[in-house]
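Asker: Residue numbers (my numbering): 353 to 531.
Mind looking over this structure? Questions follow.
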């Protein structure tokens with residue numbers, strides 16, 4: 353399946369009607385759907401109702417956590433809303449390719465109020481592994497046989513303690529497995 357072929361590393365940049373730009377690679381169903389969308393001037397990258405809801409909920413907030421930040425499709429909008437209130441967006445994305453695009457997309461949109469964490473956000477500090485590909489992936493606790501694979505996940509409580517964050521106003525997490 354060419355969709356998951358590692359040779360598809362070409363990067364694309366698309367500007368939405370509100371001026372927000374996204375860099376992405378054609379390596380997932382989400383990107384395929386974005387490229388094939390019927391709208392020529394969209395006001396969202398993916399999940400229009402979720403984007404609108406998160407923009408609304410982020411207004412007047414100071415600290416927002418985004419678990420499973422992906423390439424920043426929601427982070428960019430949240431961080432834009434937080435700018436007027438000197439708020440910060442704390443992102444957690446364990447997939448290295450998505451994490452790098454997340455940082456690129458925040459830079460592309462001149463956002464300086466985003467904290468990047470190349471880790472998962474979990475109920476406790478654990479080492480996890482991905483099972484499956486892209487939007488079909490889930491995660492599970494790493495086992496001894498998974499040596500050298502996987503990613504670190506951090507709990508909200510530990511992260512807040514380590515970074516002196518007293519209050520979180522909003523948490524959004526794209527759950528890929530709740531087991």
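Positions of the beta carbon are idealized from the N, C-alpha and C atoms, including for glycine.
Remember, predicted model here, so these are calculated numbers, not experimental data.
Counting pairs of Cβ atoms below 8 Å between the region 505-520 and the region 467-480, do you hit three or more?
Answerer: The region 505-520 vs the region 467-480: in contact.
Asker: Pull up the distance between the alpha-carbon of residue 494 and that of residue 369, whole angstroms please.
Answerer: If you number the chain shown from 1, residue 494 lands on position 142. If you number the chain shown from 1, residue 369 lands on position 17. Their Cα atoms are separated by approximately 42 Å.
Asker: Going by DSSP in three states, residue 525 sits in which element: helix, strand or coil?
Answerer: Position 173 of the chain shown, counting from 1, holds the residue named residue 525. Strand, per DSSP.
Asker: So, helix, strand or coil for residue 373, using DSSP?
Answerer: The residue labelled residue 373 in the question sits at position 21 within the chain shown. It is a strand residue.
Asker: Cα separation between residue 513 and residue 469?
Answerer: Within the chain shown, residue 513 is the residue found at index 161, counting from 1. Within the chain shown, residue 469 is the residue found at index 117, counting from 1. Residue 513 and residue 469: Cα-Cα distance of roughly 15 Å.
Asker: Could you compute how far the alpha carbon of residue 426 sits from the alpha carbon of residue 403?
Answerer: Looking up residue 426 in the chain shown gives position 74. Looking up residue 403 in the chain shown gives position 51. For residue 426 and residue 403, the distance between alpha carbons rounds to 6 Å.
Asker: Classify residue 445: buried if its beta carbon has 16 or more other beta carbons within 10 angstroms, exposed otherwise.
Answerer: Taking the first residue of the chain shown as 1, we reach residue 445 at position 93. Residue 445 should be labelled buried.
Asker: Taking 9 Å as the cut-off, decide whether the C-beta atoms of residue 520 and residue 418 are in contact.
Answerer: On the chain shown, position 168 is the one that residue 520 refers to. On the chain shown, position 66 is the one that residue 418 refers to. No.
Asker: Alpha carbon to alpha carbon, how far is residue 442 from residue 496?
Answerer: Locating residue 442 in the chain shown gives position 90, where the first residue counts as 1. Locating residue 496 in the chain shown gives position 144, where the first residue counts as 1. Distance between the alpha carbons of residue 442 and residue 496 is about 30 Å.
Asker: Could you check what DSSP says for residue 354 in three-state terms: helix, strand or coil?
Answerer: Within the chain shown, residue 354 is the residue found at index 2, counting from 1. Any reading at residue 354 is ruled out, since the residue's pLDDT is 47, under 50, leaving its predicted position unreliable.
Asker: Under a Cβ-count criterion, where at least 16 other Cβ atoms within 10 Å of its own Cβ denotes burial, should residue 516 be classed as buried or exposed?
Answerer: Taking the first residue of the chain shown as 1, we reach residue 516 at position 164. Counting Cβ neighbours within 10 Å, residue 516 comes out exposed, since fewer than 16 surround it.
Asker: If you draw a straight line from the alpha carbon of residue 363 to that of residue 456, how long is it in whole angstroms?
Answerer: Here residue 363 refers to the residue found at position 11 when the chain shown is read from its first residue. Here residue 456 refers to the residue found at position 104 when the chain shown is read from its first residue. The alpha-carbon atoms of residue 363 and residue 456 are separated by roughly 11 Å.
Asker: Comparing C-alpha positions only, which one of 420, 365, 482 and 498 sits nearest to residue 523?
Answerer: Position 171 of the chain shown, counted from the first residue, corresponds to residue 523. It is 420.
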